[in-house]
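Down below is the structure, laid out as structure tokens.
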Amino acid sequence: MEVIIRPDSHAASVLAARLISNQIISKPSSVLGLATGGTMERVYEELVKLHNNEELDFSLVSTFNLDEYVGLAPDDPGSYRHYMNEQLFNHINIDLKNTYLPNGLAKNLKNECLRYEQKIVECGGIDLQLLGIGKSGHIGFNEPLSALQSRTRAKALTPTTIAQNAPLFPTPEDMPRRGITMGVGTILDSKSCLLLATGESKANILAKAVEGPVSSMISASALQLHPMCHVIVDEDAATELTQQEYYRWIFDNEPDWAQFK
Ligand code: GLP
Numbered sequence: 001m002e003v004i005i006r007p008d009s010h011a012a013s014v015l016a017a018r019l020i021s022n023q024i025i026s027k028p029s030s031v032l033g034l035a036t037g038g039t040m041e042r043v044y045e046e047l048v049k050l051h052n053n054e055e056l057d058f059s060l061v062s063t064f065n066l067d068e069y070v071g072l073a074p075d076d077p078g079s080y081r082h083y084m085n086e087q088l089f090n091h092i093n094i095d096l097k098n099t100y101l102p103n104g105l106a107k108n109l110k111n112e113c114l115r116y117e118q119k120i121v122e123c124g125g126i127d128l129q130l131l132g133i134g135k136s137g138h139i140g141f142n143e144p145l146s147a148l149q150s151r152t153r154a155k156a157l158t159p160t161t162i163a164q165n166a167p168l169f170p171t172p173e174d175m176p177r178r179g180i181t182m183g184v185g186t187i188l189d190s191k192s193c194l195l196l197a198t199g200e201s202k203a204n205i206l207a208k209a210v211e212g213p214v215s216s217m218i219s220a221s222a223l224q225l226h227p228m229c230h231v232i233v234d235e236d237a238a239t240e241l242t243q244q245e246y247y248r249w250i251f252d253n254e255p256d257w258a259q260f261k
């Protein structure tokens, strides 16, 4: 795991977008794992800029989102499909046929979860998985006690997650209580992972995930097991990390990071 601290959320999002862009440039047919949430809006804004200003080409890219709400249609404004179309897909040259999210309306959720796992494998696996962190410590919707080897499945959402996400719905009580999410094991199968956390509200849970013990109580801590995981944070989200000086030294001195300064 490598932690990179950037001065503010803008700089953190720009760096995340540039790592994604480098992935696409080095492999135009990359399979990206994508995330939703307020944190990612800035990353997608940067990717759209890279597409418009630097001709970043998404025509061969495929994407798999981490999760979707159970019971919401793709055109429901609260759905993650709607979010992705609005924030990213409608503004770049991606083929919508190559953008996958779990189907929240599937009659048989178990079959839908299996189908999703199979589709990821058919596409050759995820090259780069983008991740946010929820206040419950979740990645995707892997709420506390999600098995570290879990696969895509339907998961009940915790009160913490409901409190965090309900205000995003026109009628907060309408927020679904379950989501279909890639499992922690599915995420760990990705070839590389990129966790982005910004703002002081994430400082405590981020420190637990990065520097605390690996525990199914904080599913993001499982990323410590991944051999290729970058964690990008802004100053506000970094405040509770104990090894900040070390992380800063690496970014300032390791040759791999020179191109990003
Ligand atoms: C949702 C998503 C998570 C995401 C989280 C963070 O719960 N399922 O994948 O990490 O939101 O949201 P925000 O960036 O708004 O804090």
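In the numbering used here, the protein residues as written are 1 to 261. We treat Cβ as the ideally placed atom computed from N, Cα and C, and that holds for glycine.
Neighbourhood of residue i by C-beta, 6 Å cutoff - its chain only, sequence neighbours within 5 removed
i	result
Ala220	Ile133, Gly137, Ile139 and Ala209
Those residues which DSSP pairs with residue i across a bridge
i	result
Gly125	Answer by DSSP bridge pairing: none, since Gly125 is not bridged.
Cys113	Note: Cys113 sits in no beta bridge, so no partner.
Ser201	Ser201 is not bridged to any residue.
His230	Glu2 and Leu194
Asp67	Thr181
Val214	Paired residue(s): none; Val214 is not in a bridge.
Gly33	Phe64 and Gln129
Local Cβ density within 10 Å of residue i, reported as buried at 16 or more and exposed below that
i	result
Leu96	exposed
Ala17	buried
Asn165	buried
Val184	buried
Ile126	buried
Thr171	exposed
Other residues of its chain near residue i: CB distance less than 7 Å, five sequence neighbours each side excluded
i	result
Gln224	Met1 and Val214
Leu15	Ile4, Arg6, Ile232 and Phe260
Extent of the continuous beta strand (DSSP E) to which residue i belongs
i	result
Arg6	Glu2 to Arg6
Glu143	Note, Glu143: premise wrong, no beta strand (DSSP E); not H, not E.
Arg153	Arg153 to Ala156
Limits of the alpha helix (DSSP H) - the one that residue i falls within
i	result
Asn253	Gln244 to Asn253
Leu241	Segment: none, Leu241 is in no alpha helix (DSSP H) and carries neither H nor E.
Nearest-angstrom Cα separation, counted from residue j out to residue i
i	j	result
Leu19	Leu206	20 Å
Phe169	His51	30 Å
Ile120	Pro227	20 Å
Glu45	Gln87	7 Å
Ser9	His82	24 Å
Phe141	Glu254	34 Å
Leu109	Ser59	30 Å
Close Cβ partners of residue i (< 8 Å) along its chain, the five nearest in sequence each way excluded
i	result
Glu211	Leu241, Thr242 and Gln243
The ligand ATP heavy atom lying under 6 Å from the CB of residue i
i	result
Ala220	Looking for the ligand ATP in the displayed structure turns up nothing; the ligands present are the ligand GLP.
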